[in-house]
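S.K.:
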Amino acid sequence: MSEPEPSALTRHRITFAFAALAIVSVAALLYVKGGESRKKAGSQVCAAAKPLAAALAPLAKGEVAALNVAADPEPFPALSFNGPDGAPLDVAAFKGKTLLLNVWAAWCVPCRAEMPALNRLQQQLGSPSFEVVAINVDTSHLEKPKALLSELGVGALKFYSDPKAEVFFRLRQTGGLTGLPTTFLIDPAGCEIGRMSGPAVWDSEDAVKLIKSALGQKAE
């Protein structure tokens, strides 16, 4: 006994299913290729940062041994957060300046522990060409971060905040952040030179030598 032929409606559904599958497949391929193209374009933009990264790699030792220096620097994500006055700000506003960008929260014990060292680093090396940008990502009890910094005697760091934690989630999506604190070294062109997951003694001899080298200064 022969099988009955599928109805016209069934045939249309099958055709639609195959067409949808084809569209999804093409879209996925374009997304992957688009991502590769964006990555390639980013690498080209940051090609000039490669010699700097190579020069800094041997200095990632001792107190800053956990710094993962990029073999092929790429543009740092376009993050938005609040400036000291509460007005919206983004990373592009710092273009032309080397940044040590730190993501932290008041509830994070290691974050609190490294804040005084970051403050001392800013006191020592802060200038028109370098800044420690510590972005607080607390989403509740927003008075606590400022109170904590005051309690720790941290006065050299400007208070940058992101009460919506968009910075945290954006960096998690891009794979740049797995926990707190996380710190990024960004060159004046906005290229990520290196990142560190976890705390460090940022005013240590090792850290100061690395940052000075990033700024083109000779370590004493």
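When we follow our numbering, the leftmost residue of the sequence shown carries the number 397, and every step to the right adds one.
Note that beta-carbon positions come from the ideal geometry of N, C-alpha and C, so glycine has one too.
Note that the structure is a prediction, hence the values are computed from the model and not measured.
(1) So I582 packs on L521, CB below 8 Å; how close in whole Å?
(2) For L611, collect the residues of the same chain with a Cβ closer than 7 Å to its Cβ; drop the 5 residues on either side in sequence, then sort them by chain order.
(3) Mind checking R434: buried by the 16 CB within 10 Å criterion, or exposed?
(4) Under three-state DSSP, which class holds D599?
(5) Any chance the stretch 531 to 547 sits against the stretch 585 to 594, with 3 or more Cβ pairs inside 8 Å?
(6) Measuring CA to CA, which of M511, P484, I531 and D468 is closest to A445?
(7) Just reading off the beta strand (DSSP E) that C587 is part of, what are its end residues?
(8) Along the chain, where does the beta strand (DSSP E) that runs through A527 open and close?
(9) Which residue from F477, L517 and V499 puts its Cα closest to that of W598?
(10) Which of the three DSSP states, helix, strand or coil, is assigned to A461?
(11) In chain order, what residues of the same chain have a beta carbon less than 8 Å from the beta carbon of C504, not counting five sequence neighbours either side?
(12) If I measure Cβ to Cβ from V465 and keep anything under 7 Å in the same chain, skipping five residues before and after, which residues do I get?
(13) Can you give the Cα-Cα distance for T579 and E510, rounded to whole angstroms?
(14) Helix or strand or just coil, what does DSSP make of S536?
(15) Per DSSP, which one or two residues make a beta bridge with V499?
(16) Please list, in chain order, all residues of the same chain as G458 whose beta carbon is under 8 Å from its beta carbon, the five residues on each side excluded.
M.R.: With the structure as the only source:
(1) Locating residue 582 in the sequence shown gives position 186, counting from the first residue. Locating residue 521 in the sequence shown gives position 125, counting from the first residue. With a Cβ gap of about 15 Å, I582 and L521 do not count as contacting.
(2) Within the sequence shown, the letter at position 215 stands for residue 611. Once the five neighbours on either side are set aside, the close Cβ partners of L611 are T494, S525 and F526.
(3) Translated into the one-based positions of the sequence shown, residue 434 becomes position 38. Residue placement at R434 cannot be trusted, given a pLDDT of 45 that sits under 50; the coordinates are not used to answer.
(4) Position 203 of the sequence shown holds residue 599. The answer is coil: DSSP assigns D599 none of H, G, I, E or B.
(5) no
(6) Mapped onto the sequence shown, residue 445 falls at position 49. With distances taken between Cα atoms, A445 lies closest to D468.
(7) Within the sequence shown, residue 587 is the residue found at index 191, counting from 1. Note, C587: beta strand (DSSP E), C587 to S593.
(8) Position 131 of the sequence shown, counted from the start, is the residue given in the question as residue 527. A small correction: the amino acid at residue 527 is Glu; Ala does not occupy that position in the sequence shown. First-last of the beta strand (DSSP E) with E527: F526 to N532.
(9) Looking up residue 598 in the sequence shown gives position 202. Among F477, L517 and V499, the Cα nearest to that of W598 belongs to L517.
(10) Reading the sequence shown from its first residue, position 65 is the one you call residue 461. It is coil, neither helix nor strand.
(11) Along the sequence shown, one-based indexing puts residue 504 at 108. Only L576 and P577 meet the Cβ criterion.
(12) Within the sequence shown, residue 465 is the residue found at index 69, counting from 1. So the qualifying residues of the chain are A449, L452, A453, A456, I589 and G590.
(13) Numbered from its first residue, the sequence shown carries residue 579 at position 183. Numbered from its first residue, the sequence shown carries residue 510 at position 114. Their Cα atoms are separated by approximately 11 Å.
(14) As a position in the sequence shown, residue 536 is number 140, starting the count at 1. In the structure shown, S536 sits in coil (DSSP, three-state: anything other than H, G, I, E or B).
(15) Locating residue 499 in the sequence shown gives position 103, where the first residue counts as 1. DSSP output for V499 lists I531 and T578 as bridge partner(s).
(16) By one-based count along the sequence shown, residue 458 stands at place 62. The answer, listed in chain order, is S600, E601 and D602.
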